[in-house]
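To start, the structure itself, in structure tokens.
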Ligand SMILES: [Zn+2]
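Numbering (the numbering used here), first residue to last: 176 to 509.
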């Protein structure tokens with residue numbers, strides 16, 4: 176099975192197919208699971224990815240981000256040399272995919288980043304039966320149990336009700352998390368305009384065009400059209416902006432941060448977050464272990480995060496496991 180996919184400095188390599196999955200350095204042929212910058216880099220010869228991931232890469236890197244592009248549809252098998260590859264939804268961000276690689280009766284699924292909890296902005300994760308399951312381990316410790324995202328959004332709306340004179344500034348990663356927070360606010364019945372930092376505009380527009388309704392969004396700038404968000408507004412911005420000078424322009428800003436890391440009090444304090452929202456686009460411990468069981472894999476390879484705990488859990492449950500030690504991928508720091 177190590178013949179079908181193996182770890183190399185550029186990333187996960189399929190020698191028979193002549194491709195890499197989510198390579199961290201430029202390669203001739205790359206298969207990309209999703210648009211986050213540590214997985215989707217510019218400069219490859221040929222890129223195979225879902226339509227949404229290709230579009231997101233173009234938005235971020237410009238039209239010349241790769242020599243050539245090919246769209247992979249969910250469930251459609253594509254032959255590359257003597258290897259068959261199929262993309263399946265990963266439930267992580269819009270367009271995110273697991274990549275199933277199959278040859279000579281062996282099937283390996285590289286899941287990229289994924290989660291199992293519901294997300295109105297992307298297709299839900301589908302467990303794919305396989306021999307080897309390659310999993311991330313961002314939150315692979317039993318202490319990580321993510322609450323329902325709707326509960327966290329309820330906390331945000333409760334705070335807006337309690338402090339109607341303050342501007343709630345929600346730090347959220349620009350691809351995926353920001354749009355999910357907005358869509359969850361809409362699901363919870365919040366129909367007021369939501370103000371967004373300029374860094375989110377293009378991706379929010381793209382989500383809308385891809386069929387993810389986000390409601391009325393206004394630019395969160397004092398300069399443009401002179402309309403400051405009225406007191407009690409919700410502003411969504413990249414995490415770096417919440418404790419920046421940028422946020423101080425708003426009426427009595429209240430710093431919120433939507434991240435799985437908000438489970439850790441020390442991180443909440445470090446970032447000066449007043450209202451932590453535990454909303455993650457990565458699987459928590461329960462989801463990771465359940466997913467491994469769901470795939471029925473006899474062997475698990477663990478990529479980035481807390482590999483040791485998950486490898487140990489697999490061994491205790493009679494599943495062969497090893498860390499892949501792939502470099503270049505980040506903790507939920509898209
Ligand atoms: Zn990601």
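In this text, a Cβ means the ideal position worked out from N, Cα and C, and glycines have one as well. Model, not experiment: these values are computed from the prediction.
Residue i, DSSP secondary structure in three states
i           : result
residue 509 : In this predicted model, residue 509 has a pLDDT of only 44, less than 50, meaning its place in the structure is not dependable; the value taken from the coordinates is given anyway. Three-state result, residue 509: coil.
residue 183 : strand
residue 474 : strand
residue 243 : strand
residue 307 : strand
residue 345 : strand
residue 480 : strand
residue 312 : strand
residue 324 : helix
residue 353 : helix
residue 495 : strand
residue 340 : coil
residue 335 : helix
residue 381 : helix
residue 486 : helix
residue 513 : No answer is possible for residue 513: it lies beyond the span of the chain, which begins at 176 and ends at 509.
residue 358 : helix
residue 501 : coil
residue 131 : Missing from the structure shown is residue 131; the chain here goes from 176 to 509 and no further.
residue 386 : coil
residue 329 : helix
Contact test: residue i Cβ vs ligand 3 heavy atom, cutoff 7 Å
i           : result
residue 211 : The model depicted lacks ligand 3 and carries ligand 1 instead.
Per DSSP, the bridge partner or partners of residue i
i           : result
residue 393 : 370
residue 188 : 181 and 195
residue 206 : 196 and 223
residue 249 : 262
Just list the alpha helix (DSSP H) runs in the region 407 to 472, keeping only unbroken ones of 4 residues or longer that don't cross its boundaries, in chain order. 414 to 417, 440 to 445 and 460 to 470
Mind the definition here: the region 257 to 277 touches the region 217 to 228 only if three or more C-beta pairs lie below 8 Å; say whether that holds. yes
Can you list, in chain order, the stretches of the beta strand (DSSP E) that have 3 or more residues and sit fully within the region 253 to 300? 258 to 264, 272 to 278 and 281 to 285
At which residue ranges does the region 216 to 241 contain complete beta strand (DSSP E) runs of 3 or more residues, listed in the order of the chain? 219 to 224
Does the region 381 to 397 touch the region 330 to 337, meaning 3 or more C-beta pairs lie closer than 8 Å? no
Contact the region 281 to 294 vs the region 379 to 391: 3+ CB pairs below 8 Å: no
Is the region 181 to 200 in contact with the region 495 to 504, if contact means three or more CB pairs nearer than 8 Å? yes
Three Cβ pairs or more, each shorter than 8 Å: is that satisfied between the region 317 to 324 and the region 451 to 459? yes
Any 3 or more C-beta pairs closer than 8 Å across the region 489 to 497 and the region 463 to 475: yes
Count Cβ pairs between the region 366 to 377 and the region 296 to 310 that sit closer than 8 Å; are there 3 or more? no
Meets three-Cβ-pair contact criterion under 8 Å: the region 203 to 223 and the region 353 to 364: no
Decide yes or no for the touch test of the region 228 to 248 against the region 432 to 441: beta carbon pairs closer than 8 Å, at least 3 of them. no
Is the region 360 to 367 in contact with the region 402 to 409, if contact means three or more CB pairs nearer than 8 Å? yes
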